[in-house]
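A short write-up of the structure that comes next.
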Amino acid sequence: MESMTGPMGVPARTAPGRAPGTAPLDEEPLLRLRGISKRFGAVQALYGVDLDLPRAKVTALCGDNGAGKSVLTKTIAGIHEPDHGQISWEGRPVTIRTPNDASALGIETVYQDLALADNLDIVQNMFLGRERMSGIFLNEDSMERAAAQTLAELRVTTVRSIRQPVATLSGGQRQAVAVAKAVMWNSKLVMLDEPTAALGVAQTRMVLDLIKRLKDHGLAVMVISHNLNDVFEVADRVAVLRLGRMVAQADISTLDRESVVDYMTTGVSSRVVPGPTSQRPEA
Amino acid sequence: MSGPSAPDLATDLTAAVDAVPPPIIAQTMGEYWRTWLARVRGGDAGALPVVIALLAVTIVFTILSPNHVFLSPENLVNLFDQSAVFIVLAFGMGFVLLLGDIDLSIGYVAAIGGIVTAQLVQPTPNVPWPLAVLAGLAVCALIGLLQGSLVARLRMPAFVVTLAGYLIWFGVMILLLGTAGGVGVTGSQTNQQAIYSLVYGYIDPVIAWIGLVVFVAIFATVLWRRDIGRRRSGLVAPPLGLTMAKILLVAIAGIIVVAICNVNRGRDLPIVGVPYVIPVVLLVLLAWTVLLERMQFGRHVYATGGNTEAARRAGINVTTVRTMGFVLCSMTGGIAGIIYCSQLGGMTTNINGGQLVLYAVAAAVIGGTSLFGGRGRVMDGLLGGLVIGAIYNGLYLLGLPIQWQLIITGLVLLAAVSVDSFSRKRTAHA
Numbered sequence: 190m191e192s193m194t195g196p197m198g199v200p201a202r203t204a205p206g207r208a209p210g211t212a213p214l215d216e217e218p219l220l221r222l223r224g225i226s227k228r229f230g231a232v233q234a235l236y237g238v239d240l241d242l243p244r245a246k247v248t249a250l251c252g253d254n255g256a257g258k259s260v261l262t263k264t265i266a267g268i269h270e271p272d273h274g275q276i277s278w279e280g281r282p283v284t285i286r287t288p289n290d291a292s293a294l295g296i297e298t299v300y301q302d303l304a305l306a307d308n309l310d311i312v313q314n315m316f317l318g319r320e321r322m323s324g325i326f327l328n329e330d331s332m333e334r335a336a337a338q339t340l341a342e343l344r345v346t347t348v349r350s351i352r353q354p355v356a357t358l359s360g361g362q363r364q365a366v367a368v369a370k371a372v373m374w375n376s377k378l379v380m381l382d383e384p385t386a387a388l389g390v391a392q393t394r395m396v397l398d399l400i401k402r403l404k405d406h407g408l409a410v411m412v413i414s415h416n417l418n419d420v421f422e423v424a425d426r427v428a429v430l431r432l433g434r435m436v437a438q439a440d441i442s443t444l445d446r447e448s449v450v451d452y453m454t455t456g457v458s459s460r461v462v463p464g465p466t467s468q469r470p471e472a
Numbered sequence: 116m117s118g119p120s121a122p123d124l125a126t127d128l129t130a131a132v133d134a135v136p137p138p139i140i141a142q143t144m145g146e147y148w149r150t151w152l153a154r155v156r157g158g159d160a161g162a163l164p165v166v167i168a169l170l171a172v173t174i175v176f177t178i179l180s181p182n183h184v185f186l187s188p189e190n191l192v193n194l195f196d197q198s199a200v201f202i203v204l205a206f207g208m209g210f211v212l213l214l215g216d217i218d219l220s221i222g223y224v225a226a227i228g229g230i231v232t233a234q235l236v237q238p239t240p241n242v243p244w245p246l247a248v249l250a251g252l253a254v255c256a257l258i259g260l261l262q263g264s265l266v267a268r269l270r271m272p273a274f275v276v277t278l279a280g281y282l283i284w285f286g287v288m289i290l291l292l293g294t295a296g297g298v299g300v301t302g303s304q305t306n307q308q309a310i311y312s313l314v315y316g317y318i319d320p321v322i323a324w325i326g327l328v329v330f331v332a333i334f335a336t337v338l339w340r341r342d343i344g345r346r347r348s349g350l351v352a353p354p355l356g357l358t359m360a361k362i363l364l365v366a367i368a369g370i371i372v373v374a375i376c377n378v379n380r381g382r383d384l385p386i387v388g389v390p391y392v393i394p395v396v397l398l399v400l401l402a403w404t405v406l407l408e409r410m411q412f413g414r415h416v417y418a419t420g421g422n423t424e425a426a427r428r429a430g431i432n433v434t435t436v437r438t439m440g441f442v443l444c445s446m447t448g449g450i451a452g453i454i455y456c457s458q459l460g461g462m463t464t465n466i467n468g469g470q471l472v473l474y475a476v477a478a479a480v481i482g483g484t485s486l487f488g489g490r491g492r493v494m495d496g497l498l499g500g501l502v503i504g505a506i507y508n509g510l511y512l513l514g515l516p517i518q519w520q521l522i523i524t525g526l527v528l529l530a531a532v533s534v535d536s537f538s539r540k541r542t543a544h545a
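Going line by line, the protein sequences match chains X and Y.
According to my numbering, numbering within the first sequence proceeds without interruption in unit steps and concludes at 472.
According to my numbering, numbering within the second sequence proceeds without interruption in unit steps and concludes at 545.
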């Protein structure tokens, strides 16, 4: 797991004439997007979006339907290539053209549908496509031990056996398996798309605790969520998209529910929340 | 489970318990039995329906058949031979069913495999029989590659591609057989005899017993060593009693089969021994089981059948997996075709490829393979094929006309599919 060993004290560099609303960070973030634009035919999905995802922090990406949350996430995950803009990873400029590029950097995405095969068990799902072999045969014992270790580290201990088919798991357990699958591969950034959307109260609690534990392990986490209760529960930072523009990006302590809703719906907020850093609405 | 024992998060555990396969949580036989019962009540009965079906069919036909001839050694060996074709066809169909597809052409593809092999061992080309068999299987594999590519690359529905294949290969079969309308393998040359003796050649009784002992010993050692390895590295292994019961079951089944085959069933001349087709079927069963359950390709087949999108996102080349599924399906069909050719003593234009397809699907589904993809084992084809073979054989013994055979087989297929749909519904609710 990645620990907080980033270059401390590096001043935040903001591209000239860009990054309105970006709160300065103390260190170079793990992932930095500058001026990302994406157009699909006649539709401009993203307009010069800036986003910083620091290590060991949970960043919530908020926005109404059609704000561009999915497009932005898929751009980071290598499914869409941006038309313009720079992406830098650990301070170095990178291009992410395919999902494999993203995986190679250590970026994993847990989509809302979780992408689990119900007929396979937990171990089989966690190692799907990256099976450990001994010769030409699957090395089941090695995979089972590694999967058990990852689940134990994340304290996912409620599953009865890691050899049970995913179909038999509860919603929260399925989400936990999908997250464990994502963090298993030395990933440094995990993006979660609406991780609590389909869950009940106890299950949501479990997933939010899991997200906090990812942060404690030093991972950068981005959570896409509509649910402001969840956002204010787990997030350290909030980024708000509106109609393809990043209208606010700030420490959670400088925001409250009403101001986030203001940003999501109108793009500006007149509310002033006392806090250490102040965010500036888009000019 | 080797992880921390104290759960620190509140979740609903009980909902999932019923649906967990017994060997992964049970530590003792008693516990195993109870979880198994709970699972059967939950709608997922595993091999239970097919075993019950096999017992029921056996009892009914034993009572009804004249002089209870159904259970006579002569008829049972005959039943094994007849079932072999359905069993191997079901093994092949299993690959595409696991992918959530279907292959309606397998009957005529099998016939083409048998015909190619049979024609190559005729006196004029007189190709050595192993080469003839390989050629027959290669032709079938190519057909599978063609159909699989259309399904996987051009995204054409498997149903339509193989329905077209059904007609095309039916036509090609008639073309291959030409004006003679048939090709035989009952001639006297070695190469023809080799194909014919697949079903009508018998293993020496002593060698059969030795082979059985060696087979059971290897099976026991592999199972035993796996359990010990898992226990040593701190993983959960099935209870010792269960492993022993499995080994015992295989040994008993083997002893019964060899004993039956070693009874003299000849009328005038003595006929004794295990037909070669039985070890051949077992070999295919073992090879495909290892491929599907112990190798990466098999894992990817299950993943693709269970959730194609998840498999694709996991970096699996879904197109290749699906294409290979069709190749293996057609090639295994070719093995069935060669067995069929041996059993009939040759191939004629009377081969009913449509019926063979239905029997193949029925055998796989009766055995427990899902029509909806992702669920099933190679073993299902063996058990289901025996049920189909027993019905086919029993109805013939009763002297029932063909129309009743068709109706009864259709009803059995419907019953099997309803079990599949039912258990799928229950799993979805869990």
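Quick reminder that beta carbons are idealized off the backbone N, C-alpha and C, glycines included.
Only a predicted model underlies this, so the values are computations on that prediction, with no experimental measurement involved.
Can we say the stretch 509-516 of chain Y touches the stretch 174-192 of chain Y, given the rule of at least three CB pairs closer than 8 Å?
Touching, per the Cβ criterion.
State whether the stretch 411-429 of chain Y contacts the stretch 183-198 of chain Y, with contact taken as three or more CB pairs (one from each stretch) at a distance under 8 Å.
Counting Cβ pairs under 8 Å, fewer than three are found: no touch.
Alpha helix (DSSP H) containing Thr464 of chain Y: first to last residue?
Counting along the chain, Thr464 of chain Y falls outside any alpha helix (DSSP H), and DSSP gives it neither H nor E.
What's the gap between the Cα of Val236 of chain Y and the Cα of Gly496 of chain Y?
Straight-line Cα distance between these residues: approximately 29 Å.
Quick check: Gly433 of chain X and Val396 of chain X, are their CB atoms within less than 7 Å of each other?
Not in contact: Gly433 of chain X and Val396 of chain X (Cβ atoms no closer than 7 Å).
Against chain X, which members of the stretch 312-333 of chain Y pass a CB distance test of less than 9 Å?
Against chain X - using a Cβ distance shorter than 9 Å - the stretch 312-333 of chain Y contributes no residues.
Suppose the cutoff is 7 Å on Cβ atoms and the five residues either side in sequence are ignored; what does the same chain contact list for Val534 of chain Y look like?
Cβ within range, chain order: Pro164.
Starting from Phe412 of chain Y and walking both ways along the alpha helix (DSSP H), at which residues does that stretch end?
First-last of the alpha helix (DSSP H) with Phe412 of chain Y: 411-421.
Taking CB distances under 7 Å as the criterion, tell me whether Ala318 of chain X reaches chain Y.
The residue you asked about is not Ala; residue 318 of chain X is Gly in the sequence shown. Yes, contact with chain Y.
Apart from the five residues on each side of it in sequence, which residues of its chain come closer than 8 Å, Cβ to Cβ, to Gly255 of chain X?
Once the five neighbours on either side are set aside, the close Cβ partners of Gly255 of chain X are Leu432.
Is Asn308 of chain X close to chain Y? Criterion is C-beta to C-beta, closer than 7 Å.
Yes, contact with chain Y.
Against Val351 of chain Y, what residues of chain X qualify as contacts under a CB-to-CB distance less than 8 Å, listed in chain order?
Those are Ser350, Arg352, listed as they occur along chain X.
Taking the continuous beta strand (DSSP E) assigned at Ser226 of chain X, which residues delimit it?
Start and end: 220-229.
In the structure shown, what three-state DSSP assignment does Pro245 of chain Y receive?
Helix, per DSSP.
Distance cutoff 7 Å, beta carbons only. Does Asp419 of chain X sit that close to anything in chain Y?
Answer no: the Cβ-Cβ gap between Asp419 of chain X and chain Y never drops below 7 Å.
Among X:Gly280, X:Gly252, X:Gly295, which has the Cα closest to the Cα of Gly267 of chain X?
Measuring from the Cα of Gly267 of chain X, the nearest candidate turns out to be X:Gly295.
So is the beta-carbon of Asn328 of chain X under 6 Å away from any non-hydrogen atom of the ligand ATP?
As for the ligand ATP, it is missing from this structure, which has no ligand bound.
In the DSSP output, what is Gln233 of chain X paired with across the bridge?
X:Arg228, per the DSSP bridge assignment.
Quick one: Cα of Met410 of chain Y to Cα of Ala279 of chain Y, how far?
Looking at the two C-alpha atoms, the distance is approximately 32 Å.
Note down, in chain order, every chain Y residue with its Cβ under 7 Å from the Cβ of Ile325 of chain X.
Those within 7 Å of Ile325 of chain X in chain Y are Met410.
CB Val331 of chain Y to CB Ala366 of chain Y, shorter than 7 Å?
Against a cut-off of 7 Å, the Cβ pair of Ala366 of chain Y and Val331 of chain Y comes out as a contact.
Tell me, please, whether the CB atom of Ala335 of chain X is closer than 7 Å to any CB atom in chain Y?
Ala335 of chain X does not count as touching chain Y.
For a test of the three-state rule: what should DSSP assign to Ala360 of chain Y, helix, strand or coil?
Helix at Ala360 of chain Y.
List the residues of chain Y that Met322 of chain X touches, going by C-beta distances under 7 Å, in chain order.
Gln411, listed in chain order.
Give every residue of the same chain whose Cβ lies closer than 6 Å to the Cβ of Ile503 of chain Y, excluding the five residues on either side of it in the sequence, and list them in chain order.
So the qualifying residues of the chain are Phe201, Tyr474, Ala477, Ala478.
Is Phe326 of chain X helix, strand or coil when you go by DSSP?
Here Phe326 of chain X sits in strand by DSSP.
Count the CB pairs spanning the stretch 436-452 of chain Y and the stretch 222-231 of chain Y that are closer than 8 Å, and state whether there are at least three.
Yes, they touch.
Under a Cβ-count criterion, where at least 16 other Cβ atoms within 10 Å of its own Cβ denotes burial, should Arg244 of chain X be classed as buried or exposed?
Buried: at least 16 other Cβ atoms inside 10 Å.
Buried or exposed for Thr239 of chain Y, going by 16 or more other Cβ atoms inside 10 Å?
Looking at its Cβ environment, which holds fewer than 16 other Cβ atoms inside 10 Å, Thr239 of chain Y is exposed.
In chain Y, what lies closer than 9 Å to Leu381 of chain X by C-beta?
What Leu381 of chain X touches in chain Y: nothing, since even the nearest Cβ is about 15 Å away.
Quick one: does Leu403 of chain X have its CB under 7 Å from some CB of chain Y?
Closer than 7 Å: no.
Per DSSP, Glu297 of chain X forms a beta bridge with which residues?
For Glu297 of chain X, which the question treats as bridged, DSSP gives the partners X:Val379.
So, is the C-beta of Leu397 of chain X closer than 7 Å to a C-beta in chain Y?
Not an interface residue.
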